[in-house]
Amino acid sequence: MRRVSSKASSAEGEFLLLRPFISQHTEQTTAENMSGVVVQNMSFKAGQTLTLTGVPTADSTNFAINIGNSADDLALHMNARFDAHGDQRTVVCNSYQGGNWCEEHREGTFPFNQGEEFQIKVTFNNEEFTISLPDGCKIHFPNRQAAEKYKFLNFDGEVRISGINIQ
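Heads up: the sequence shown at position 101 corresponds to 109 in my numbering, and the numbers run straight through without jumps.
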């Protein structure tokens, strides 16, 4: 697949945003184009807040947000499942290390609606991630890698991400 890259910046400097190639005839990015979007060389450090704004498609079955050091080394995989993988209206968190998924954590709250904008805030320390959901609930998920910095972020599924901010 051909990829297009662009640079973005945060208080810590520039990072690289990779996305699937979109034809110049396409006037707006669709949710299908957002699947597989990758942010590399970012600097998301312990104590900072990552704010993500997006909209699941009207027929979204699920979308995922992945944070780690690479696609093969995910400290946090948050999967909002409307109706996917045998789950309905469930948020599942996990990590992926050494080619294996670890133990899943399932949450009882599901504050996402198809076609409606959401905002998620993620912070972490060497012990855990705290994910603030749109309804104000918080998910606490262990930082199994105990890292102080992550440089990889990607999105999968039927979602259109409109904002990424690290402060």
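Idealized CB from N, CA, C, for every residue including glycine.
The beta carbons of residue 135 and residue 119 sit no closer together than 9 Å. By the Cβ test, the stretch 138-145 is in contact with the stretch 108-126, since at least three Cβ pairs between them sit closer than 8 Å.
Beta-carbon to beta-carbon, residue 175 and residue 48 are separated by about 19 Å, too far to satisfy the 8 Å threshold. Between residue 46 and residue 161, the C-beta gap is smaller than 9 Å, which places the two residues in contact. Taking all protein chains in view, the Cβ of residue 156 is surrounded by fewer than 16 other Cβ atoms within 10 Å, so the residue is classified as exposed. Residue 133 has its alpha-carbon roughly 31 Å from the corresponding atom of residue 122. Here residue 90 is not bridged, per DSSP, to any residue. Residue state for residue 82 is assigned as strand, using DSSP reduced to three classes.
In the structure shown, the three-state DSSP call for residue 118 is coil.
By the criterion of a C-beta distance shorter than 6 Å, residue 53 is surrounded in its chain by 157, once the five residues flanking it on both sides are discounted.
Each residue's CA atom was taken as its position, placing residue 94 and residue 59 some 29 Å apart.
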